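S.K.: What follows is a single structure, and I will ask about it in a moment.
There are 2 protein chains.
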Amino acid sequence: MLTLRQLQYFKALATHLSFSKAAQACGITQSTLSAAIKQLEDALGAELVDRTGRVLMLTEAGEMVLARGSGLLLEAEDLVQGVQMHTLPMTGRFRFGVIPSIAPYILPGLLPRLREQYPQLKLHLREDLSRNLMNALSEGKLDAVLMALPYNIAGYEYAEVGKDEFLLAVPSSNALSKFKTVSRDKLSGQKLLLLEDGHCLRDHVLSAVGAKMEVHGDEVQATSMTTLVQMVDNGFGLTLIPRLAAAAGVANGTSLCFAAIEGRKAMRDIGVVWRKHASIEGNAMLMASFLKEILGPVLAVK
Amino acid sequence: MLTLRQLQYFKALATHLSFSKAAQACGITQSTLSAAIKQLEDALGAELVDRTGRVLMLTEAGEMVLARGSGLLLEAEDLVQGVQMHTLPMTGRFRFGVIPSIAPYILPGLLPRLREQYPQLKLHLREDLSRNLMNALSEGKLDAVLMALPYNIAGYEYAEVGKDEFLLAVPSSNALSKFKTVSRDKLSGQKLLLLEDGHCLRDHVLSAVGAKMEVHGDEVQATSMTTLVQMVDNGFGLTLIPRLAAAAGVANGTSLCFAAIEGRKAMRDIGVVWRKHASIEGNAMLMASFLKEILGPVLAVK
DNA sequence: ACTACAGAATCGAAAAAAACGATAGCATCG
DNA sequence: CGATGCTATCGTTTTTTTCGATTCTGTAGT
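Right, dumping it as structure tokens:
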């Protein structure tokens with residue numbers, strides 16, 4: 001008879017491609033896992049792994065079982081969560097991914113209030129690039145992601161939290177620093193500093209003003225917004241800073257001046273993303289509206 | 303920890319709404335089932351059944367678990383089938399539903415050939431009305447259904463086997479019996495005999511010629527095509543018989559004459575239906591093409 | 001109100017399954 | 001031709017499942 005545990009073990013085996021490593025990862029001995037896999041193979045009437053080669057390989061049937069078995073495990077987990085959620089919303093575990101250009105500027109204000117309003121919620125946080133967070137989301141390793149759009153979230157659910165305006169960050173030495181607002185034309189020829197590749201903020205900033213400005217190559221890519229601010233402060237160029245970060249004081253201790261971009265607003269959408277049909281949906285939406293409330297004063301909520 | 307067995311037991315409980323009956327149905331004792339349900343409730347952290355009332359009732363959470371749990375069980379079963387199928391097509395169990403207006407006229411020719419070509423296939427047959435077969439299909443109690451269209455099969459997969467022409471069955475005493483073909487106009491005023499309600503053949507025949515003919519009420523509804531043929535033979539009226547049944551000799555021993563309907567062909571589509579994404583798909587399609595081959599000489603395969 | 005009854009919960013014992021530790025088998029590689 | 005790194009297998013221990021018997025509970029009938 002097929003059991004979920006067998007699938008779980010097999011999934012680990014498929015991930016580690018080693019009986020011993022997989023067993024270790026599952027917290028059982030190799031012999032137990034070996035027996036479980038054999039059971040599974042018996043239940044299915046097919047070999048799932050090819051043990052002949054130098055390295056372990058999944059058979060065609062194995063690939064099939066991995067794909068559908070993973071889905072089954074996800075659904076099973078989701079069923080449990082769904083029931084728990086249904087009985088008591090905003091309790092239990094909530095694994096929340098947040099992108100680096102949001103996390104540091106929102107969490108300090110968020111966590112205490114969240115703990116106050118939903119003391120039962122066990123929040124797990126992970127800060128990473130959008131791409132990695134979305135991967136984790138699809139594999140069921142995260143329940144929801146707080147990220148910035150535009151981003152391809154086809155096949156996912158989305159709840160907007162607010163719109164985050166990009167402000168031009170100018171060192172006081174720069175002539176532009178005396179303006180409250182700056183038109184895109186004035187940016188022509190200015191040097192634009194960006195975060196390193198992979199940060200969605202980089203892409204969003206580029207699409208907001210990139211065409212007008214001179215983008216530097218690899219040598220001047222910052223790994224964090226803090227670094228970026230320092231570089232701007234030292235006259236390496238200009239950059240755009242989300243209002244969220246500016247309001248959180250990312251430029252404290254520098255002489256940076258902020259100016260709004262005139263004309264078509266330069267901004268990104270911030271929102272919560274989760275898997276379709278996931279039973280965490282209730283919590284995700286509650287989290288989104290909670291964030292909206294908190295960020296209302298900061299963001300230009302449309 | 304959630305297990306598939308718990309879900310299985312819970313599903314039985316939800317069906318029978320009685321611990322003892324469900325246990326009996328599962329082939330276990332009441333105490334075992336009771337314990338399993340308690341385990342499940344612990345794993346999910348919620349009461350699933352309301353034991354207080356006169357009769358057992360599912361809680362809201364229980365309904366949820368039933369719905370999603372059933373899906374999970376279906377998928378699990380499908381996974382097993384899928385792998386078995388993948389390794390060896392046309393082996394193992396194949397639960398096949400066939401409607402009454404097809405089964406008797408096709409099975410005698412089908413079964414021997416099927417056993418010859420696919421000796422490994424364990425065929426389970428069920429003859430019932432389209433509606434009941436489709437219900438069984440959706441609940442995972444059947445793997446595929448051989449039925450006649452038009453019928454609402456939205457959400458299912460379909461492979462056509464062939465087109466089955468309706469022939470006018472006329473007793474030799476009737477003036478129409480001397481024609482090889484009959485136009486619809488000639489049918490005006492003739493009495494039309496039909497199968498009892500629920501048979502799709504009834505609906506198909508009605509839509510083929512019903513407008514032209516005089517349909518009798520409840521008193522002359524036959525419960526099987528054999529009865530219907532006898533009634534026609536005894537002069538109670540006319541009917542349409544699928545070529546499939548005629549070719550199989552449904553009118554043997556009677557003096558019935560068959561005539562084709564002129565003009566727009568009166569016919570039904572015969573095909574195999576199965577659940578979308580079911581791993582039985584390979585077998586279902588093989589079965590369909592096998593049937594097409596066998597029925598080719600009989601049906602007017604377009 | 002008391003009793004009888006039906007059905008679910010509980011308990012201890014028995015059976016089955018899972019997990020472990022140690023060891024044997026089997027490739028690959030130096 | 002060992003040595004090495006893995007997986008399979010075996011006997012034992014531990015845990016889980018199941019059973020049978022009993023107790024408990026709520027309902028209906030007297």
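Line by line, the protein sequences are chains X and P. Heads up: the first sequence begins at 1 in the working numbering, then just goes up one per residue. Heads up: the second sequence begins at 303 in the working numbering, then just goes up one per residue. For glycine and all other residues, C-beta sits at the position ideal for the given N, C-alpha and C. Just so it is clear, the structure is predicted and the values come from calculations on it, not from any experiment.
Relative to the C-alpha of residue 404/P, which candidate in 460/P, 380/P, 465/P, 357/P has its C-alpha closest?
M.R.: By 1-based counting over the second sequence, the position of residue 404/P is 102. Cα-wise, what sits closest to residue 404/P is 465/P.
S.K.: Which of helix, strand or coil does DSSP assign to residue 426/P?
M.R.: Position 124 of the second sequence holds residue 426/P. It is a strand residue.
S.K.: Closer than 9 angstroms by beta-carbon distance: list the chain X residues that pair up with residue 428/P, in chain order.
M.R.: Within the second sequence, residue 428/P is the residue found at index 126, counting from 1. Correct list: empty, because the minimum Cβ distance to chain X is about 24 angstroms.
S.K.: With 8 angstroms as the C-beta to C-beta threshold (strictly closer), list the residues of the stretch 34 to 67 of chain X near chain P in chain order.
M.R.: 43, 44, 45, 46, 60, 61, 64, 65
S.K.: Mind checking if residue 422/P is an interface residue toward chain X, Cβ cutoff 9 angstroms exclusive?
M.R.: By one-based count along the second sequence, residue 422/P stands at place 120. Put simply, the CB of residue 422/P is far from chain X, with every gap to its CB atoms at 9 angstroms or more.
S.K.: At a CB distance below 7 angstroms, what residues from the stretch 387 to 415 of chain P approach chain X? Give them in sequence order.
M.R.: 388, 389
S.K.: Is there a C-beta anywhere in chain P that falls below 9 angstroms from the one on residue 15/X?
M.R.: In the first sequence, residue 15/X corresponds to position 15, counting from 1. With 9 angstroms as the cut-off, residue 15/X does not count as an interface residue toward chain P.
S.K.: Closer than 7 angstroms by beta-carbon distance: list the chain X residues that pair up with residue 378/P, in chain order.
M.R.: Position 76 of the second sequence, counted from the first residue, corresponds to residue 378/P. Correct list: 2, 72.
S.K.: Using the beta-carbon of each residue, which ones in chain X are nearer than 8 angstroms to residue 384/P?
M.R.: Counted from its first residue, the second sequence places residue 384/P at position 82. Near residue 384/P (Cβ distances below 8 angstroms), the residues of chain X are 64, 68.
S.K.: Can you tell me which of 295/X, 260/X, 262/X, 248/X puts its alpha carbon nearest to the alpha carbon of residue 271/X?
M.R.: One-based indexing of the first sequence puts residue 271/X at position 271. The shortest Cα separation from residue 271/X among 295/X, 260/X, 262/X, 248/X belongs to 295/X.
S.K.: State yes or no: is the beta carbon of residue 604/P nearer than 9 angstroms to at least one beta carbon in chain X?
M.R.: Here the question's residue 604/P lines up with position 302 in the second sequence. In this predicted model, residue 604/P has a pLDDT of only 46, less than 50, meaning its place in the structure is not dependable; the value taken from the coordinates is given anyway. By this cut-off, residue 604/P is not an interface position.
S.K.: Strictly by DSSP, which residues pair up with residue 317/P?
M.R.: If you number the second sequence from 1, residue 317/P lands on position 15. Answer by DSSP bridge pairing: none, since residue 317/P is not bridged.
S.K.: Taking the C-alpha atoms as reference points, what is the distance between residue 438/P and residue 402/P?
M.R.: Sequence index remark: in the second sequence, residue 438/P carries index 136 (1-based). Sequence index remark: in the second sequence, residue 402/P carries index 100 (1-based). Roughly 15 angstroms between the two C-alpha positions.
S.K.: Does the distance between the C-beta of residue 350/P and the nearest non-hydrogen atom of the ligand FMN fall short of 8 angstroms?
M.R.: Within the structure as shown, the ligand FMN is missing, as the structure has no ligands at all.
S.K.: Beta-carbon of residue 32/X versus every beta-carbon of chain P: anything under 9 angstroms?
M.R.: Looking up residue 32/X in the first sequence gives position 32. Not one chain P Cβ lies under 9 angstroms of residue 32/X.
S.K.: Could you tell me which whole alpha helix (DSSP H) segments of length 4 or greater appear in the stretch 120 to 184 of chain X?
M.R.: 130 to 138
S.K.: Less than 9 angstroms between the beta carbons of residue 223/X and residue 250/X, yes or no?
M.R.: Against the first sequence, residue 223/X aligns to sequence position 223. Against the first sequence, residue 250/X aligns to sequence position 250. Not in contact: residue 223/X and residue 250/X (Cβ atoms no closer than 9 angstroms).
S.K.: Is the CB of residue 307/P under 9 angstroms away from at least one CB in chain X?
M.R.: Your numbering for residue 307/P matches position 5 in the second sequence. Judged by the 9 angstroms Cβ criterion, residue 307/P is in contact with chain X.
S.K.: DSSP has residue 268/X in a bridge; who is on the other side?
M.R.: Position 268 of the first sequence holds residue 268/X. Answer by DSSP bridge pairing, in chain order: 164/X.
S.K.: Helix, strand or coil for residue 262/X? Go by DSSP, reduced to three states.
M.R.: Indexing the first sequence from 1 puts residue 262/X at position 262. Reduced to three states, the DSSP call for residue 262/X is coil.
S.K.: For the beta strand (DSSP E) holding residue 236/X, just list the boundary residues, first then last.
M.R.: Position 236 of the first sequence holds residue 236/X. Unbroken run through residue 236/X: none, as it is neither H nor E.
S.K.: Could you pull the start and end residues of the beta strand (DSSP E) that residue 395/P belongs to?
M.R.: Here residue 395/P refers to the residue found at position 93 when the second sequence is read from its first residue. First-last of the beta strand (DSSP E) with residue 395/P: 394 to 400.
S.K.: Contact defined as beta carbons within less than 8 angstroms: I believe residue 346/P pairs with residue 80/X. What is the distance between those atoms, to the nearest angstrom?
M.R.: What you label residue 346/P is simply residue 44 of the second sequence in a count that begins at 1. What you label residue 80/X is simply residue 80 of the first sequence in a count that begins at 1. The C-beta distance from residue 346/P to residue 80/X rounds to 6 angstroms, short enough to fall under 8 angstroms.
S.K.: Among the residues of its own chain, which have a CB less than 7 angstroms from the CB of residue 442/P, if the five just before and after it don't count?
M.R.: Mapped onto the second sequence, residue 442/P falls at position 140. Excluding residues within five positions, the ones whose Cβ falls inside 7 angstroms are 376, 379.
S.K.: What's the gap between the Cα of residue 38/X and the Cα of residue 304/P?
M.R.: Residue numbering aside, residue 38/X sits at position 38 when the first sequence is read from its first letter. Residue numbering aside, residue 304/P sits at position 2 when the second sequence is read from its first letter. One C-alpha to the other measures close to 22 angstroms.
S.K.: What would DSSP say about residue 196/X, mapped onto helix, strand or coil?
M.R.: Reading the first sequence from its first residue, position 196 is the one you call residue 196/X. Residue 196/X: coil per DSSP, three-state reduction.
S.K.: Considering only the beta carbon of each residue, do residue 309/P and residue 371/P sit closer than 9 angstroms?
M.R.: Residue numbering aside, residue 309/P sits at position 7 when the second sequence is read from its first letter. Residue numbering aside, residue 371/P sits at position 69 when the second sequence is read from its first letter. Cβ distance < 9 angstroms, so residue 309/P and residue 371/P count as in contact.
S.K.: I'd like to know if the stretch 412 to 426 of chain P and the stretch 587 to 601 of chain P are in contact, where contact means that at least 3 CB-CB pairs between them fall below 8 angstroms.
M.R.: yes
S.K.: Considering only residues of the same chain and omitting the five flanking positions on each side of residue 268/X, which have a CB-CB separation below 6 angstroms?
M.R.: In the first sequence, residue 268/X corresponds to position 268, counting from 1. Cβ neighbours of residue 268/X beyond the five flanking positions: 148, 164, 204.
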